[in-house]
Amino acid sequence: MPLSFFKFLRSRFIFSLVFPLFLSLHAQPLQFARERIEVEVLGEACVLTGTYYFCETGPAARQPLSVERPDSANFPFNITLYYPFVVTPELPFPDSIQVTDLRSGRPVQFIESARGVYFPVSVPPPDTAIYRVRYRQKTPSAKMEYILTSTQKWNRPLQSADFIIRIPQQYQLISLSPAFDRAAPGSTGEKNAPGMIYFIHRENFMPQSNLTIQWERKTP
Numbered sequence: 003m004p005l006s007f008f009k010f011l012r013s014r015f016i017f018s019l020v021f022p023l024f025l026s027l028h029a030q031p032l033q034f035a036r037e038r039i040e041v042e043v044l045g046e047a048c049v050l051t052g053t054y055y056f057c058e059t060g061p062a063a064r065q066p067l068s069v070e071r072p073d074s075a076n077f078p079f080n081i082t083l084y085y086p087f088v089v090t091p092e093l094p095f096p097d098s099i100q101v102t103d104l105r106s107g108r109p110v111q112f113i114e115s116a117r118g119v120y121f122p123v124s125v126p127p128p129d130t131a132i133y134r135v136r137y138r139q140k141t142p143s144a145k146m147e148y149i150l151t152s153t154q155k156w157n158r159p160l161q162s163a164d165f166i167i168r169i170p171q172q173y174q175l176i177s178l179s180p181a182f183d184r185a186a187p188g189s190t191g192e193k194n195a196p197g198m199i200y201f202i203h204r205e206n207f208m209p210q211s212n213l214t215i216q217w218e219r220k221t222p
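Heads up, the sequence shown is in this note's numbering, so the first residue is 3 and it goes up one at a time.
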């Protein structure tokens with residue numbers, strides 16, 4: 003890992019992202035506005051792809067970067083976010099992780115911790131930053147969990163949240179929380195196999211529980 007990124011971590015605010023995303027500071031210059039979560043059930047593993055939208059809370063949130071650069075409103079707002087995973091004996095640490103800045107299309111370097119990853123986020127004024135996190139996590143107990151409740155730490159609800167869960171035809175859904183709005187047949191999994199797709203849409207969303215999915219293999 004390049005030394006410059008470690009310097010970046012030391013020289014920028016480090017924000018906790020448990021929501022997966024929340025800010026631990028009382029003053030929150032960054033707003034976590036929207037998320038879109040797609041989960042592909044593969045049986046013994048799940049692939050989760052999360053797309054996250056960030057914007058500043060307003061010009062008053064900006065502080066001058068330095069005395070020599072008082073016009074900080076013209077520069078991107080740079081922070082480091084912590085993205086945690088649910089890690090238990092039934093959900094081991096992901097075996098594959100990718101972070102991408104969708105505005106530039108470039109991969110983002112990250113640093114692993116015991117239960118999550120740190121990565122830098124740059125919000126260009128007055129635009130919205132869009133980042134994608136994709137990871138694969140083994141699911142030996144045929145269930146997965148994704149952290150939602152810590153959205154409360156942002157002190158504001160999500161403008162919108164969408165969840166799309168794809169389950170191949172050889173498996174059947176046992177439970178899903180939050181409850182799905184609708185279901186439809188469609189392509190699922192890494193090989194676009196037929197199966198069922200479950201859709202959840204929420205607006206002005208302040209989660210009271212995590213996203214949990216449980217499934218089982220169909221009997222012949």
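Glycine included, each C-beta is placed from N, C-alpha and C at the ideal position.
query	result
Take every Cβ of the region 83 to 94, pair it with every Cβ of the region 173 to 186, and state whether three or more of those distances are shorter than 8 Å.	no
Is DSSP giving THR82 helix, strand or coil here?	strand
Classify ILE215 as buried or exposed, calling it buried when 16 or more other Cβ atoms lie within 10 Å of its own Cβ.	buried
Figure out for me which residue from MET208, PRO196, LEU175 and THR130 has the closest Cα to the Cα of THR53.	THR130
Rounding to the nearest angstrom, what Cα-Cα distance links LYS220 and SER143 in this structure?	15 Å
If you drop the 5 nearest sequence neighbours on each side, which residues of the same chain put their C-beta closer than 8 Å to that of PRO91?	none
Count Cβ pairs between the region 92 to 107 and the region 116 to 136 that sit closer than 8 Å; are there 3 or more?	yes
Label PRO187 either buried or exposed according to how many other C-beta atoms from any shown protein chain fall within 10 Å of its C-beta, with 16 as the threshold for buried.	exposed
Let me know the secondary structure DSSP gives THR190 once reduced to three states.	strand
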